[in-house]
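K.L.:
Quick one: the structure is below, and I'll ask about it shortly.
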Amino acid sequence: MFLQQLVNGLIIGGIYAMIAVGYTMIYGVIQLINFAHGEIYMLGAFFAVTFISFLGLPFFAAFLLSMICCAICGMFLDVLAYRPLRESPRLAALITAIGMSIFLQNLAMIIWGSRQKPFPHGSVPAYFGQIAVTFGGVNLSWFHIFIFSFTLVMMLGLHLTIKKTRWGKAMRAVAQNQTMAALVGINVNRVITYTFALAGALGGAAGILVGAYYNSLYPTMGYVAGVKAFAAAVLGGIGSVPGAMVGGVILGVAEALGAGYLSSLYRDGISYAVMIIVIILIPAGLFGKLIKETKKSM
Amino acid sequence: MLLKLENVKTYYGNIRALKGISIEIEEGEIVCLIGANGAGKSTSLMTISGVLTPVEGEVLYQGQSITGLRPDKIVQQGICQVPEGRMIFPLLTVSENLDLGAYLRKDKNGVKADLDRVFSLFPVLSDRRGQHGGTLSGGEQQMLAIGRALMARPRLLLLDEPSLGLAPIIVDSIFDIIRQINQDGTTILLVEQNAQVALRFSHRGYVLETGEIALTGKASDLLKNEEVRKAYLGE
């Protein structure tokens, strides 16, 4: 049982990590907790289902198109909601983020209804449900393997993008000093908007995976996932991308083991407990740096 | 005329930091802007770089208005700034800091040549390539900041307080290099509280007092000027 829970934890943890890097990247560039990030995750799942049922697209095509749409949603979110507030106090942007979260949730309810929906029958490839490998009493389905390898590839790709590409360097420069980034010729607003796009694509992908895995989507699904991924980002140290990856995996494993050995009712409670303990004992998180709060920052 | 400020007025927050200043810089010159703390020196450079937008007046570069352009557009036109406090990216390596200096350039061979030039001007940076910018000493950070600006191959280089916080012996060597950069063909606008050094290395100077130009002239004349000597050279 331990091994099975560990595998479950690693898989769900990988998904948390994919959402958490979105929080942490956006926090890195504009010091904003984007509370609407969970809603992008929700939109990802709904877009995919819509593309399957109305356009008749196969699963993987709908998956890809939905990620692209979520990237565009992320960009719109930044340009319409946050960019006008760049020079305002941070609190204004934070409240706007909460507002956008509520707005998007309700928009989804108007468009898709508030009832739980499944993925259309037969749209998820049938072999996803079949057992791919068995070891030590643990059964892994093809879907497990797909989720695991997809998150791994995404995280690796993200890491390389940030470390090696010109755009990744620009993003790190913006995160460290916006004025200086502008003075070397970086279009700061564009880098911020692209960061939202990247966060949106990854968050959307996570939403599709979870929606398909549990075969259930609903307009408020982004809330709990968002809070948990936020907990993972805080655990890793907000602003640190490797931190968010590790934080997500730790949280997923802690949750799965807690659910397995204590009671599955405690699943959500464990995430919140982890977040509270981290904030009290290591406020900077595992990989974060403690920065003194200055007066003008709030 | 390479750069011309015409009656520029800029607010810094609610403070009227520049109350209508006019400055002219010819191609090939080293011009310095001296003045006390809060006189508006840094505000002038930030206005030229487009980080601050003037409420009135014009900034003309090669006869064209660049007033209100975004900072990256101004860098693209060949104006680079080494800001006060150096603003090294602390968590990027020395190499990455220099790469970012050449962010807008597409000519790979030219960038490579300029990197070699920066390393020959500042050999210590070559030894520290893989180190994080934040771990360098003050003098090394100043070298990195100047090197980063040179990587853009600027036509006009704006330097804000290059001597700040450096030991006198390092100040002289930094200024020797600034002179060499100028002789290689880059026009320089220098802002300094250290008027003695600034005037010694410049062709012309402007004295800024609470947001207005109080005095201007050849650097050698300003060095002899009685008011300047009293107010800025501590006599």
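Sequences listed follow chains A and B, in order. What the first sequence shows, in this note's numbering, is residues 74 to 371, in sequence order. What the second sequence shows, in this note's numbering, is residues 160 to 394, in sequence order. Beta carbons are placed, not taken as given, at the ideal position from N, Cα and C, and that holds for glycine.
Quick check on N212(A): does DSSP put it in helix, strand or coil?
P.N.:
To locate residue 212(A), count along the first sequence from 1; it is residue 139. Strand, per DSSP.
K.L.:
Counting along the chain, where does the alpha helix (DSSP H) carrying Q328(B) start and finish?
P.N.:
Locating residue 328(B) in the second sequence gives position 169, where the first residue counts as 1. Strictly speaking, residue 328(B) in this sequence is Ile, with Gln absent from that position. Unbroken alpha helix (DSSP H) run through I328(B): P327 to Q342.
K.L.:
Answer with yes or no whether the minimum CB distance from G297(B) to chain A is below 9 Å.
P.N.:
Position 138 of the second sequence, counted from the first residue, corresponds to residue 297(B). So no, G297(B) is outside the interface.
K.L.:
Give the interface partners of D258(B) over in chain A, defined as CB-CB distance under 9 Å, in chain order.
P.N.:
As a position in the second sequence, residue 258(B) is number 99, starting the count at 1. Those are R239 and K242, listed as they occur along chain A.
K.L.:
Where does E371(B) sit, in a helix, a strand or coil, going by DSSP?
P.N.:
Taking the second sequence and counting its residues from 1, one reaches residue 371(B) at position 212. Note: E371(B) maps to strand in three-state DSSP.
K.L.:
Any Cβ of chain B within less than 9 Å of the Cβ of A165(A)?
P.N.:
The residue given as residue 165(A) occupies position 92 in the first sequence. With 9 Å as the cut-off, A165(A) does not count as an interface residue toward chain B.
K.L.:
Roughly how many angstroms separate the alpha carbons of T238(A) and H232(A), rounded to a whole number?
P.N.:
Along the first sequence, read from residue 1 onward, the residue named residue 238(A) stands at position 165. Along the first sequence, read from residue 1 onward, the residue named residue 232(A) stands at position 159. Cα-Cα distance, rounded: 10 Å.
K.L.:
List the residues of chain A that I235(B) touches, going by C-beta distances under 8 Å, in chain order.
P.N.:
Locating residue 235(B) in the second sequence gives position 76, where the first residue counts as 1. Contrary to the premise, residue 235(B) reads as Gln rather than Ile in this sequence. Correct list: G258.
K.L.:
Can you find a C-beta in chain B that's less than 9 Å from the C-beta of N212(A)?
P.N.:
As a first step, residue 212(A) must be located in the first sequence, where it is residue number 139. Cβ-Cβ to chain B under 9 Å: no for N212(A).
K.L.:
Roughly how many angstroms lie between the CA atoms of K368(A) and L164(A), to the nearest whole one?
P.N.:
For the purposes of this step, residue 368(A) is taken as the residue at position 295 of the first sequence. For the purposes of this step, residue 164(A) is taken as the residue at position 91 of the first sequence. Unreliable placement is indicated for K368(A), whose pLDDT of 41 sits below 50; no coordinate value is reported for it.
K.L.:
Tell me, which residues are paired with C146(A) by DSSP?
P.N.:
The count along the first sequence starts at 1 and reaches residue 146(A) at position 73. In DSSP, C146(A) forms no bridge with anything.
K.L.:
Got a sec? Which residues, its chain only, sit under 7 Å from E112(A) by beta carbon, not counting five neighbours each side?
P.N.:
Numbered from its first residue, the first sequence carries residue 112(A) at position 39. Same-chain partners within the cutoff: S174, L177, Q178 and G295.
K.L.:
On the premise that A144(A) lies in contact with Y155(A), defined as a C-beta separation below 8 Å, what is that separation, rounded to the nearest angstrom?
P.N.:
Position 82 of the first sequence, counted from the start, is the residue given in the question as residue 155(A). Position 71 of the first sequence, counted from the start, is the residue given in the question as residue 144(A). Between A144(A) and Y155(A) the Cβ distance is about 16 Å, and since that is not below 8 Å, they are no contact.
K.L.:
Run down chain A in chain order and give the residues with a C-beta less than 7 Å from the C-beta of D231(B).
P.N.:
One-based indexing of the second sequence puts residue 231(B) at position 72. The contacting residues are A255, G258, I259 and N260.
K.L.:
If you drop the 5 nearest sequence neighbours on each side, which residues of the same chain put their C-beta closer than 7 Å to that of F278(B)?
P.N.:
Walking along the second sequence from the start, residue 278(B) turns up at place 119. So the list reads L284 and S285, once near-sequence residues are dropped.
K.L.:
I'd like the list of long-range same chain contacts for I85(A), defined as Cβ closer than 6 Å, with 5 residues on each side in sequence excluded.
P.N.:
Looking up residue 85(A) in the first sequence gives position 12. Taken in chain order, the residues that qualify are G325.
K.L.:
Does DSSP classify I106(A) as helix, strand or coil?
P.N.:
Taking the first residue of the first sequence as position 1, residue 106(A) is located at position 33. Coil at I106(A), not helix or strand.
K.L.:
Since Y114(A) and G280(A) are thought to touch, with beta carbons under 8 Å apart, how far apart are those beta carbons, to the nearest angstrom?
P.N.:
For this step, residue 114(A) is matched to residue 41 along the first sequence. For this step, residue 280(A) is matched to residue 207 along the first sequence. The pair is a contact, with the Cβ atoms about 4 Å apart (cut-off 8 Å).
K.L.:
Between E366(A) and chain B, is the shortest Cβ-Cβ distance under 9 Å, so that the two count as touching?
P.N.:
Counting from one through the first sequence, the residue named residue 366(A) turns up at place 293. Low confidence applies to E366(A): its pLDDT is 49, below 50, so where it sits in the model is not reliable enough to give any reading.
K.L.:
How about G194(B) and K200(B): do their beta carbons lie closer than 9 Å?
P.N.:
The residue labelled residue 194(B) in the question sits at position 35 within the second sequence. The residue labelled residue 200(B) in the question sits at position 41 within the second sequence. Contact: yes.
K.L.:
So, for I103(A): in the same chain, excluding its five sequence neighbours on each side, which residues have a beta-carbon less than 8 Å away from its beta-carbon?
P.N.:
Taking the first residue of the first sequence as position 1, residue 103(A) is located at position 30. Closer than 8 Å at Cβ, skipping near neighbours: Y155, R159, A166 and I265.
K.L.:
Hey, would you say A272(B) sits closer than 9 Å to V257(A), going by beta carbons?
P.N.:
As a working note, residue 272(B) is residue 113 in the second sequence. As a working note, residue 257(A) is residue 184 in the first sequence. No, these two residues do not count as a Cβ contact at 9 Å.
K.L.:
Is it a yes or a no for the region 305–321 of chain A touching the region 214–221 of chain A, going by three-plus beta-carbon pairs under 8 Å?
P.N.:
Contact between the region 305–321 of chain A and the region 214–221 of chain A is absent, because fewer than three Cβ pairs lie under 8 Å.
K.L.:
Quick check on DSSP: helix, strand or coil for L259(B)?
P.N.:
Mapped onto the second sequence, residue 259(B) falls at position 100. Note: L259(B) maps to helix in three-state DSSP.
K.L.:
With DSSP run on the structure shown, which of helix, strand or coil describes L138(A)?
P.N.:
Your numbering for residue 138(A) matches position 65 in the first sequence. In this structure, L138(A) counts as helix in the three-state DSSP scheme.
K.L.:
Can you look up N353(B) in the DSSP assignment and give me helix, strand or coil?
P.N.:
Locating residue 353(B) in the second sequence gives position 194, where the first residue counts as 1. Three-state DSSP puts N353(B) in coil, outside helix and strand.
K.L.:
Who are T252(B)'s beta bridge partners in DSSP?
P.N.:
In the second sequence, counting from the first residue as 1, residue 252(B) sits at position 93. Bridge partners of T252(B): H291(B).
K.L.:
Report the rounded CA-to-CA distance for G364(B) versus G324(B), giving the unit in angstroms.
P.N.:
Counting from one through the second sequence, the residue named residue 364(B) turns up at place 205. Counting from one through the second sequence, the residue named residue 324(B) turns up at place 165. G364(B) and G324(B): Cα-Cα distance of roughly 22 Å.
K.L.:
Cβ closer than 8 Å: which chain B residues qualify as neighbours of Q249(A)?
P.N.:
As a position in the first sequence, residue 249(A) is number 176, starting the count at 1. Ordered by position in chain B, the residues that pass the 8 Å Cβ test against Q249(A) are F248, P249, L250 and L251.
K.L.:
Where S126(A) and L219(B) are concerned, what is the direct C-alpha to C-alpha distance, given to the nearest angstrom?
P.N.:
Position 53 of the first sequence, counting from 1, holds the residue named residue 126(A). Position 60 of the second sequence, counting from 1, holds the residue named residue 219(B). Looking at the two C-alpha atoms, the distance is approximately 58 Å.
K.L.:
Quick check on T252(A) - is its C-beta less than 9 Å from some C-beta in chain B?
P.N.:
Position 179 of the first sequence, counted from the start, is the residue given in the question as residue 252(A). Yes - at least one Cβ of chain B is within 9 Å of the one on T252(A).
K.L.:
Per DSSP, S201(B) forms a beta bridge with which residues?
P.N.:
In the second sequence, residue 201(B) corresponds to position 42, counting from 1. The partner list for S201(B) (beta bridge, DSSP) is empty, contrary to what the question assumes.
K.L.:
What does E320(B) reach in chain A if we use C-beta pairs closer than 8 Å?
P.N.:
By 1-based counting over the second sequence, the position of residue 320(B) is 161. The contacting residues do not exist; E320(B) stays about 15 Å from chain A at best.
K.L.:
What first and last residue would you give for the beta strand (DSSP E) that runs through T293(A)?
P.N.:
Locating residue 293(A) in the first sequence gives position 220, where the first residue counts as 1. First-last for T293(A): undefined, no H or E at that position.
K.L.:
So the candidates are G333(A), Y334(A) and G310(A); which of them puts its Cα closest to the Cα of I352(A)?
P.N.:
In the first sequence, counting from the first residue as 1, residue 352(A) sits at position 279. Selected option, being the one with the closest Cα: G310(A).
K.L.:
Keeping to the same chain, check which residues put their C-beta closer than 6 Å to that of C142(A); ignore five residues upstream and five downstream.
P.N.:
By 1-based counting over the first sequence, the position of residue 142(A) is 69. Contacts found: F120.
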